[in-house]
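Residue numbers (the numbering used here): 14 to 101. Glycine residues also receive a C-beta, built at the ideal position from the N, C-alpha and C atoms. Note sheet for the following structure.
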Amino acid sequence: MTNNLLLVLVVVLAIINVVILVRVFSGKSSGHAEQAVRSELREGRDEAAKRSHELREEVSGSLDKTAQTLASTMSQLGNVQKQQLEGV
């Protein structure tokens, strides 16, 4: 008799445990966590997009300066060669 009573008590407690676990995991707390994760991911994507845009602008500016320097150097070399040819 006591074995049957203990068995029934264990089954009832197991069912209560399952119900509590279902309510905890499907409750609003997981909704808040999901929303927080989504927000963090969105902020991370926005920050990455901003940083990549800044990097592209920096690289573009560096390439423009390099092109200007190269053009200036080539012009100076052309002038030097012209002077050398005129001196010959």
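Can you give me the C-alpha to C-alpha distance between residue i and residue j, rounded to a whole angstrom?
i: residue 37; j: residue 54; result: 24 Å
i: residue 67; j: residue 75; result: 12 Å
i: residue 48; j: residue 61; result: 20 Å
i: residue 102; j: residue 91; result: The structure shown does not extend to residue 102, since the chain spans only 14 to 101, so no value can be given for it.
i: residue 26; j: residue 32; result: 10 Å
i: residue 97; j: residue 65; result: 48 Å
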